[in-house]
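K.L.:
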Amino acid sequence: MVGVYGNDFTAPDETAPRPATGDEPETFRALLEGEGRVEPRDDLPDAYRRTLVRQIAQHAHSEIIGMQPEGNWISRAPSLRRKAILMAKVQDEAGHGLYLYAAAETLGVDRADLLDQLHSGRQKYSSIFNYPTLTWADVGAIGWLVDGAAIVNQVPLCRCSYGPYARAMIRVCKEESFHQRQGFEILHTLSHGTPAQKAMAQDAVDRYWWPSLMMFGPPDDDSPNSAQSMAWGIKRFSNDDLRQRFVDMTVPQAEALGLTLPDPEIRWNDERGHYDFGEVDFTELFEVIKGNGPCNAERMAHRVRAHEDGAWVREAANAYADKQAARAGADVA
Amino acid sequence: MRDWPLWEVFVRSRRGLSHVHVGSLHAPDAEMALRNARDLYTRRQEGVSLWVVPAAEIVASSPDEADAFFDPAADKIYRHPTFYDVPEGVEHL
Amino acid sequence: MTDSHAGYVLGLADDALISAQRMGWWISRAPQLEEDVALANIGLDQLGQARTLLAHAGALEGDGRSEDDLAYLRDERDFRNVKLVERPQTDFAVTMARLLVFATWQAELYAALAGSTDATLAGVAGKAVKEVAYHVDHARQWVLRLGDGTDESHRRMQAAVDAEWPFVEELFRPVDPALVAAGVAADPTVLRAAVLRRVGQVLDEATLSVPDVAPAVAGGRDGLHTEHLGFLLAEMQHLTRSHPEASW
Chain C
2 MVGVYGNDFT APDETAPRPA TGDEPETFRA LLEGEGRVEP RDDLPDAYRR
52 TLVRQIAQHA HSEIIGMQPE GNWISRAPSL RRKAILMAKV QDEAGHGLYL
102 YAAAETLGVD RADLLDQLHS GRQKYSSIFN YPTLTWADVG AIGWLVDGAA
152 IVNQVPLCRC SYGPYARAMI RVCKEESFHQ RQGFEILHTL SHGTPAQKAM
202 AQDAVDRYWW PSLMMFGPPD DDSPNSAQSM AWGIKRFSND DLRQRFVDMT
252 VPQAEALGLT LPDPEIRWND ERGHYDFGEV DFTELFEVIK GNGPCNAERM
302 AHRVRAHEDG AWVREAANAY ADKQAARAGA DVA
Chain P
2 MRDWPLWEVF VRSRRGLSHV HVGSLHAPDA EMALRNARDL YTRRQEGVSL
52 WVVPAAEIVA SSPDEADAFF DPAADKIYRH PTFYDVPEGV EHL
Chain W
704 MTDSHAGYVL GLADDALISA QRMGWWISRA PQLEEDVALA NIGLDQLGQA
754 RTLLAHAGAL EGDGRSEDDL AYLRDERDFR NVKLVERPQT DFAVTMARLL
804 VFATWQAELY AALAGSTDAT LAGVAGKAVK EVAYHVDHAR QWVLRLGDGT
854 DESHRRMQAA VDAEWPFVEE LFRPVDPALV AAGVAADPTV LRAAVLRRVG
904 QVLDEATLSV PDVAPAVAGG RDGLHTEHLG FLLAEMQHLT RSHPEASW
């Protein structure tokens, strides 16, 4: 299972592709050792290619499934300014999905096949999007916490060894920066608003805090694929390091918001130079990954329905292109 | 059903600069490819002009040939102005 | 004339707002990801037009109502949009048929209003005219592809045009002659000829026929809507109305 946008991890009873070691082409080794970028037409080890396809596809799937929880609130956004921002944000997620599918396609797979694998459940998307957006404040919490966690994961991917993925991530990160800010702004407005608004904001943060920490994946001791991904320059930092970075970044922001994080163990540790925080209970995450989350079925049904309902449109466009090509051919002849 | 073909997108960010490759997209034909490129790659004012090219039409050099293609240029240092000694005091050269 | 002036601007604002609200539904539901992005762009343009027009209508009214007051705190009977834009559009062919008509009408309208004696309205129209030119083009591209694509797409596209057509005539209902005479508003009868000609050309090129149907009873500009508008507003307004003291 992919952590939103990057970390590749699975439930303990799921199998991930196991990389073969030892038979990597000389040119590939040399590129990685020199911190050079690997490009599509290079001689790539099959395991590297498969790992990347899997990770980039799951990342892309996460972006487009991620349109749904926030898309839910486009029709109900409480001001026209918020409506415009939210439409632009959900649109960006479609765009990010597109950039990423394009990066995956440089590895010799077709987007249509990747979508089929999503629709048939053979490839996954980030579990965070299987949580419901119950109130308007959830839109703020997703922007602040979920996109915040995503950015922590994504920034190192801009230096990923695979050129097309790194370039897609640079574009994504540039666009993503407004996402987190708008989420923070929503929560800031709510937490300084009426008592009902403040309660709404606190409730959203209470519900999204732990799932956001889970986005970084299982603890390092329990993350079997991480070492290989790091050796390949796909992953730059360990799950726990990134999680710590996110906590350190977020705790002061929560204070600025006037909201509390639902973890009594959060406190500054002078010795470590970091915030301590409670242990993440991954039992729930693995249940969500297995399909037992609050919205798994709805998210997939929504996505599959859009795809199937659009089939006649895609087919018509092909038919029209064929007719136009035939007409152009007839004109020439 | 066949998927829409893949197109490569090139954007001129402002007048005076070349078109630069920015990514790709799917579209049923050239007209739609251009429009999709506008919607996807220039929604933050990234461009003033667009090219779209069917990905299948691009001919690329192969990394296997890279040595034969590009290494022979490496020792022709006389092509660069820094190769030449200029006597002190000579200007505008 | 101030009342009818404000009412005129409010009608145009409501057209854009309700249209944007319907367009937002498509984001995450389009036939292809590229189209999700395209429809979101169109919806955002419409929403932008709605916001400036609502603000202007509020200013003309002079009661201090903001864009959000007008969008969120009016009831069904106070909305002034045409019925064309308020009905659900969950079929892609319907969305494209409606966009073709609506955007072509807006293109002619805004081109005329760019010379309005109402300087604010002229400014909004001058900017929006470029946006809606792209919407017309987008709708045209799709109507061509669906009309002249497969048998199924032809059938569905024609059915969509047939379903929308009774609602076209309402766009051309007369407006207060004093507003036209004062150079504030565009004359709908002039717009009508140009819009029908342009839409007819696209339909013809798309191998579709112009339906021969009676116009639906108009009334949107007087606040007489279909039953669909109430549900749209209930969804759009409920959060804002649940927290009357709040700002967002």
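Protein chains in written order, with the numbering used here: chain C, 2 to 334; chain P, 2 to 94; chain W, 704 to 951. All C-beta atoms, glycine included, are put in the ideal place defined by N, C-alpha and C.
1) Pull up the CB-CB distance for Pro891(W) and Val878(W), whole angstroms please, since I reckon it's below 8 Å.
2) So, using beta-carbon positions, are Ala257(C) and Ala205(C) closer together than 9 Å?
3) When DSSP labels each residue in this structure, what does Arg777(W) get in the three-state scheme?
4) Should Leu87(C) and Val147(C) be called a contact, given that it needs their Cβ atoms to be closer than 9 Å?
5) Could you check which residue in Ala741(W), Asp717(W), Ala889(W) and Gly852(W) has the C-alpha nearest to that of Ala810(W)?
6) Quick check on Asp277(C): does DSSP put it in helix, strand or coil?
7) Looking at chain C, is there any beta carbon in it that lies within less than 9 Å of the beta carbon of Ser722(W)?
8) Please return the same chain residues whose Cβ sits closer than 6 Å to the Cβ of Gly746(W), not counting the five positions on each side in sequence.
9) Quick check on the DSSP output: the beta strand (DSSP E) that includes Asn270(C) runs from which residue to which?
10) Would you decide whether Leu655(W) is buried or exposed? Buried here means 16 or more other CB atoms lie within 10 Å of its CB.
11) In angstroms with no decimal places, state the Cα-to-Cα distance between Ala733(W) and Ala331(C).
12) Would you check if there are 3 or more beta carbon pairs closer than 8 Å linking the segment 316-331 of chain C to the segment 19-34 of chain P?
13) Could you compute how far the alpha carbon of Val293(C) sits from the alpha carbon of Ala150(C)?
14) Spatial neighbours of Pro133(C) within its chain, please: CB distance less than 6 Å, with the 5 preceding and 5 following residues excluded, ordered by chain position.
15) Does DSSP classify Leu927(W) as helix, strand or coil?
16) Run down chain P in chain order and give the residues with a C-beta less than 9 Å from the C-beta of Gln124(C).
17) Starting from Tyr321(C), find everything on chain P with Cβ-Cβ shorter than 8 Å and list it in chain order.
18) Mind listing the chain P neighbours of Gln325(C)? Cutoff is C-beta to C-beta under 7 Å, in chain order.
19) Need the endpoints of the beta strand (DSSP E) that Phe11(P) sits in, please.
20) Going by Cα to Cα distance, which pick from Tyr837(W), Ala836(W) and Ala814(W) is closest to Gly644(W)?
21) Should the segment 91-100 of chain C be regarded as contacting the segment 192-211 of chain C, the criterion being three or more beta carbon pairs within less than 8 Å?
22) For the segment 79-97 of chain C, which residues have a beta carbon sitting closer than 7 Å to at least one beta carbon of chain W?
23) Using three-state DSSP, classify Trp845(W) as helix, strand or coil.
24) Output the distance between the C-alpha atoms of Tyr775(W) and Leu188(C), rounded to the nearest integer angstrom.
25) Below 8 Å on the Cβ atoms is my guess for Leu715(W) versus Leu756(W); work out the distance and round it to an integer in Å.
26) At a CB distance below 9 Å, what residues from the segment 927-942 of chain W approach chain C? Give them in sequence order.
27) Out of Leu713(W), His857(W), Trp951(W) and Leu882(W), state which residue places its alpha-carbon closest to the alpha-carbon of Phe782(W).
28) Give, in chain order, every residue of the segment 55-77 of chain P whose Cβ lies closer than 7 Å to some Cβ of chain C.
29) In the DSSP assignment, find the unbroken beta strand (DSSP E) run with His22(P) in it and report its ends.
30) Is it buried or exposed, Ile78(P), if we count other Cβ atoms within 10 angstroms and call 16 or more buried?
31) Going by alpha carbons, who is nearest to Arg237(C) out of Leu99(C), Arg123(C), Val156(C) and Lys84(C)?
32) Quick one: Cα of Ala897(W) to Cα of Val314(C), how far?
33) Could you pull the start and end residues of the alpha helix (DSSP H) that Pro253(C) belongs to?
34) Indicate whether Glu873(W) and Ala921(W) have their beta-carbon atoms separated by less than 9 Å.
35) Given Ile721(W), which residues of its chain have a CB within under 8 Å of its CB, disregarding the five upstream and five downstream residues?
36) Closer than 8 Å by beta-carbon distance: list the chain W residues that pair up with Leu26(P), in chain order.
P.N.:
From the atom records:
1) 6 Å
2) no
3) coil
4) no
5) Ranking the options by Cα distance to Ala810(W), first place goes to Ala889(W).
6) strand
7) no
8) Ala723, Met726 and Gly727
9) It spans Arg268 to Asn270 - the beta strand (DSSP E) in which Asn270(C) sits, taken as one unbroken run.
10) With chain W covering 704 to 951 only, the question about residue 655(W) has no answer from this structure.
11) Rounded to the nearest angstrom, the two C-alpha atoms are 34 Å apart.
12) Output reads yes: the segment 19-34 of chain P touches the segment 316-331 of chain C.
13) The residue you asked about is not Val; residue 293(C) is Asn in the sequence shown. If you take the alpha carbons of Asn293(C) and Ala150(C), they lie about 23 Å apart.
14) Pro295 and Cys296
15) In this structure, DSSP gives Leu927(W) a state outside helix and strand, which the three-state scheme calls coil.
16) Under the 9 Å cutoff, chain P gives no residues; its nearest Cβ is about 17 Å from Gln124(C).
17) Pro29 and Asp30
18) Asp30
19) Leu7 to Arg13
20) Absent from the structure is residue 644(W), since the part of chain W shown begins at 704 and ends at 951.
21) no
22) Pro79, Ser80, Leu81, Arg83, Lys84, Ala85, Met88, Ala89, Val91, Gln92, Ala95 and Gly96
23) helix
24) 21 Å
25) 6 Å
26) For the segment 927-942 of chain W, the residues whose beta carbon sits under 9 Å from a beta carbon of chain C are, in order, Leu935, Glu938, Met939, Gln940, His941 and Leu942.
27) Leu713(W)
28) Ala61, Ser63 and Pro64
29) His20 to His27
30) exposed
31) Nearest C-alpha to Arg237(C): Val156(C).
32) Distance between the alpha carbons of Ala897(W) and Val314(C): 29 Å.
33) Unbroken alpha helix (DSSP H) run through Pro253(C): Asn240 to Leu258.
34) yes
35) Excluding residues within five positions, the ones whose Cβ falls inside 8 Å are Phe782, Asn784, Val788, Glu789, Leu932 and Leu935.
36) Correct list: Glu737.
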